[in-house]
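Reading through the structure tokens given below for one structure.
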Amino acid sequence: MLHILIYSPNYCACPCSHCSQGVQLVWGYIRVEGRRFLTSCETELQELMKQIDIMVAHKKSEWEGQTQALEACLEIREQELSSVRTVLNEKHKEVGRLRQQLEHMEQVKQGMAVEYEQQLKKFQEELGRLKRSYEKLQKKQLKEAREGPKSQGDDQSEVSRLTKKIEVCG
Numbered sequence: 001m002l003h004i005l006i007y008s009p010n011y012c013a014c015p016c017s018h019c020s021q022g023v024q025l026v027w028g029y030i031r032v033e034g035r036r037f038l039t040s041c042e043t044e045l046q047e048l049m050k051q052i053d054i055m056v057a058h059k060k061s062e063w064e065g066q067t068q069a070l071e072a073c074l075e076i077r078e079q080e081l082s083s084v085r086t087v088l089n090e091k092h093k094e095v096g097r098l099r100q101q102l103e104h105m106e107q108v109k110q111g112m113a114v115e116y117e118q119q120l121k122k123f124q125e126e127l128g129r130l131k132r133s134y135e136k137l138q139k140k141q142l143k144e145a146r147e148g149p150k151s152q153g154d155d156q157s158e159v160s161r162l163t164k165k166i167e168v169c170g
């Protein structure tokens with residue numbers, strides 16, 4: 001019984017079909033009835049196997065170097081990502097604090113506006129009362145002036161007092 005097993009990047013007769021790396025491997029086993037015969041090209045085959053082993057070791061070393069470089073790059077990127085995430089979390093916290101400050105300032109501003117409106121309303125009411133009192137007093141003075149001077153000094157001081165209040169409020 002004669003078996004020849006060949007591994008090649010273009011053709012694979014491997015029964016396990018795990019030859020996806022495309023590495024040229026040539027094995028020449030000649031078996032006759034279960035015994036291995038030495039062939040005339042065994043020296044060349046051994047040399048070829050050594051060269052293949054060297055190529056595979058070189059590729060393995062190259063891939064390991066690339067893998068280490070990629071892992072180092074990945075580690076750097078992960079550290080950068082972690083740093084950016086930390087900064088982002090700090091910024092989110094800062095935005096939260098600023099939002100709370102803004103809400104507080106809005107509440108204070110609204111409270112002050114309400115307070116000013118209440119004070120303005122009180123001043124307007126007081127001004128209205130003072131104007132009515134002043135008008136009453138003027139009418140009274142006109143009436144008294146027609147009727148005659150009775151208590152001109154008292155009325156004059158009342159007019160002066162109300163005039164000052166109107167000037168202060170107005």
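Going by the UniProt record's numbering, the letters in the sequence shown line up with residues 1 to 170, in that order. Cβ coordinates follow ideal geometry from the N, Cα and C atoms, glycine included. All values derive from a computational prediction rather than experimental measurement.
Contact between the stretch 110-123 and the stretch 133-148 is not established, with fewer than three Cβ pairs separated by less than 8 angstroms. Taking C-beta atoms under 8 angstroms as the contact rule, L162 and L130 qualify, at a distance of about 6 angstroms. Distance from L127 to C169 at the Cβ level is roughly 5 angstroms; contact confirmed, criterion being Cβ atoms closer than 8 angstroms. CA-to-CA, the gap between K59 and Q68 works out to about 14 angstroms.
Collapsing the DSSP output to three states places C169 in a helix.
Rounded to the nearest angstrom, the gap between the Cα atoms of K164 and K122 is 18 angstroms.
Boundaries of the alpha helix (DSSP H) harbouring C73: E42 to E147, taken from the DSSP string. Nearest C-alpha to S157 among L81, Y134 and R146: Y134. Spatial neighbours of I166 in its own chain (CB-CB distance under 8 angstroms, excluding positions within 5 residues in sequence) are listed in chain order as L127, L130, K131 and Y134. The alpha-carbon separation between E75 and M55 amounts to approximately 30 angstroms.
CA-to-CA, the gap between R77 and L98 works out to about 31 angstroms.
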